[in-house]
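2 protein chains.
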Amino acid sequence: MILQGWQAIRDEVKRRIRVRDWTPGSIIPTETELAAEFGCARGTVNRALIDLARAGVLERRRKAGTRVALLPVRQARFAIPVIRADIEARGQVATHQVLALDRVPAPVPVAARMGRAAEGHLVYVETLYLADGRPFAHEARWLNPAVLPNPAPDFADISVNEWLVANIALAEGDIAFAAEGADARVAQVLGVAVGAPIFVTERLTRGADAAITFVRLSHAPGYRMQTAL
Amino acid sequence: MILQGWQAIRDEVKRRIRVRDWTPGSIIPTETELAAEFGCARGTVNRALIDLARAGVLERRRKAGTRVALLPVRQARFAIPVIRADIEARGQVATHQVLALDRVPAPVPVAARMGRAAEGHLVYVETLYLADGRPFAHEARWLNPAVLPNPAPDFADISVNEWLVANIALAEGDIAFAAEGADARVAQVLGVAVGAPIFVTERLTRGADAAITFVRLSHAPGYRMQTAL
DNA sequence: GTTATCAATATGTCTATACATAATGACGTC
DNA sequence: GACGTCATTATGTATAGACATATTGATAAC
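Residue numbers (the numbering used here), protein chains in the order written: chain H, 37 to 265; chain B, 37 to 265.
What follows is the structure in structure tokens.
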């Protein structure tokens, strides 16, 4: 069987797993053997198998060989867009209002996550994002003041989110999702009852030596996060 | 500057982006130039840049060259484990109870998602997963009976989830997350108040020609889905 | 000015070869 | 049997060279 292109090899391997030609846990032929079968160089097989290993379909170990993953850790990739892009992708008009802009001491749960950065005061920005004029999401953000230029940018013009994306390149962080009941503030701003189920996104962004920002995003009811496996 | 290994090259490129040596939107040197600078073969640079392109950090086009992504689409990868593994990863004991096992006509919202597979009756399995004996998640699952062997496996022994993972290799599907209020059934089973905020996961798994299964997972309060950026 | 054509170019991929590296499994010793 | 030693082996990575392919930008024709 002659195959052309590493993607063709990858697809053929996937096919053989799907039709249970190679079953979970079993070992598959070596790269050299597959290269001979497919009539290509080992490097080409290698590229295909590495791709499948990254996707969690195969498990590879030197000398031990390549086996079909026993419990294929299904992975989902989510794009985490700027809220504005998220709204506009729905064909709606995105606007936002800055509800508060202060210097405050870090609340305890925020301090716990931001660590050293939260020792002094933080810049607190509260923003309401609107889609077609209706509340879309409420954002509470705490910023490490050390990352802001002097004077600070005017967050009434550009959203904090967009300023950060444009000015902080390639930061690492954590992200978490949960369902929570709306507290009084969120309920008021989003126009829902206190305790209504709210989809909450929390994101911590870390810089080289300290936390840059912590965001808590409360989505209006009906929000779904969706992706393909 | 001599670099050894494609990962070192990848990290150096990331560093230069981070310190704004190369800014978002700008074009970076060609593979050949970088290979000369780093004292390695073009193939090595290629591997590093392809990796960054997949991560969304770079955008590459033939002839046009490689540029730093203007709006680095932040992507998060979530591992979607078998519930048992999820519970055991927390150091708790995982058990489950099958609450219902029936053949039923597909409810309208389920039929809408499963399409052709939902024309006849579906196998409905309702399961409660427990962590250390306490309710962890409620699972409502509709199965395309065509995928089950005859006789059907005993889902009191292995969970449906695990049977599928072991017997349906490499299926594709969609997944969605939302916050919803607990309905009467979920509230009763999880031991929470009706309307309490519940983290809901919905997953549709598709086979070669028809939907295999649709699952609706309602997590007990306090559940968080977490990952690193 | 507009459009068609074409050479130049950067990335995409493949090849063959080589050596590095991590496990394994066999062997020998105690 | 337990343990350490070591050759073997499959994957990991690098190399130089080659050709494919998509785009660009310049040139020519209209």
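Note that the Cβ used here is the ideal one computed from N, Cα and C, for glycine as well.
- Assign Gln224 of chain H to one of three DSSP states: helix, strand, or coil. helix
- Task: Residues of the region 65-77 of chain H with a CB closer than 8 Å to any CB of chain B: list them in chain order, please.
- Result: none
- Item | chain H contacts from the region 44-61 of chain B (Cβ-Cβ distance under 7 Å) | Lys50, Ile53, Arg54, Arg56, Pro60
- Item | Option in B:Pro171, B:Ala112, B:Ile248 with minimal Cα separation from Trp199 of chain B | B:Ile248
- Query: Is the distance from the Cβ of Val81 of chain B to the Cβ of Ile38 of chain B below 8 Å?
  - Reply: no
- Query: Any beta-carbon of chain H closer than 8 Å to the one on Thr263 of chain B?
  - Reply: yes
- Query: What first and last residue would you give for the beta strand (DSSP E) that runs through Trp58 of chain H?
  - Reply: Careful: Trp58 of chain H lies outside any beta strand (DSSP E) and carries neither H nor E.
- From B:Leu253, B:Arg170, B:His132, B:Leu206, pick the residue whose C-alpha is nearest to that of Phe191 of chain B; which is it? B:His132
- Task: Under the assumption that Thr263 of chain B contacts Ile211 of chain H (Cβ atoms under 8 Å), give the Cβ distance between them as a whole number of angstroms.
- Result: 6 Å
- 8 Å contact criterion, which Ala173 of chain H and Tyr165 of chain H should meet: CB distance rounded: 5 Å
- Message: If distances are taken between C-alpha atoms only, which option among B:Ala244, B:Leu94, B:Ala167, B:Ala147 comes closest to Trp58 of chain B?
- Response: B:Leu94
- Task: Please list the partners that Ala215 of chain H has in chain B, where partner means a Cβ-to-Cβ separation under 7 Å.
- Result: Ala215, Pro233, Ile234, Phe235
- Chain-ordered chain H contacts of Val118 of chain B [CB-CB under 7 Å]: Leu107
- Can you list the residues of chain H that Arg260 of chain B reaches, using a CB-CB cut of under 8 Å? Ala212, Phe213, Ala214
- Proximal chain H residues relative to Val93 of chain B, where beta-carbon distance stays under 7 Å: Leu206
- Task: For Gly61 of chain B, collect the residues of the same chain with a Cβ closer than 8 Å to its Cβ; drop the 5 residues on either side in sequence, then sort them by chain order.
- Result: Arg103, Val104, Leu106
- Message: Let me make sure I understand the geometry here. Which of H:Gly127, H:Arg98, H:Gly92 has the alpha-carbon closest to that of Arg113 of chain B?
- Response: H:Gly92
- C-alpha gap between Arg90 of chain H and Pro141 of chain H, whole angstroms: 43 Å
- Helix, strand or coil: how does DSSP classify Asp168 of chain B here? coil
- Task: Name the two residues that bound the continuous alpha helix (DSSP H) containing Glu155 of chain B.
- Result: Here Glu155 of chain B belongs to no alpha helix (DSSP H), and DSSP marks it neither H nor E.
- Task: Could you tell me whether the Cβ atoms of Ala154 of chain H and Ile123 of chain H are closer together than 8 Å?
- Result: no
- Contact set for Arg120 of chain B: own chain, Cβ-Cβ below 6 Å, skip 5 residues either direction: Ala130
- Task: Indicate the three-state DSSP secondary structure (helix, strand or coil) for Asp122 of chain B in the structure shown.
- Result: helix
- Task: Under the assumption that Tyr259 of chain H contacts Ala232 of chain B (Cβ atoms under 8 Å), give the Cβ distance between them as a whole number of angstroms.
- Result: Incorrect: roughly 18 Å between the Cβ atoms, too far for contact.
- Task: Could you pull the start and end residues of the alpha helix (DSSP H) that Val81 of chain B belongs to?
- Result: 78-90
- Message: Assuming Arg242 of chain H and Val251 of chain H are in contact, meaning their beta carbons sit under 8 Å apart, how far apart are those beta carbons, in whole angstroms?
- Response: Rounded, the Cβ-Cβ distance is 13 Å, inconsistent with contact.
- Sub-8 Å separation of Thr237 of chain B and Val196 of chain B beta-carbons: no
- For the beta strand (DSSP E) that Thr263 of chain H lies in, which residues bound it at each end? 260-264
- Query: Just the Cα atoms here: how many angstroms apart are Ala218 of chain H and Pro257 of chain B?
  - Reply: 14 Å
- Task: Throw me the rounded Cβ distance for the Thr66 of chain B and Gly101 of chain B pair, which I believe falls under 8 Å.
- Result: 6 Å
- Query: How would you label Pro171 of chain B, buried or exposed, when you count the other beta carbons within 10 angstroms and need 16 or more for buried?
  - Reply: buried
- Which of helix, strand or coil does DSSP assign to Asp47 of chain H? helix
- May I ask which residues mark the beginning and end of the beta strand (DSSP E) holding Leu137 of chain B? 130-141
- Query: Within this structure, are the beta carbons of Leu158 of chain B and Trp178 of chain B separated by less than 8 Å?
  - Reply: yes
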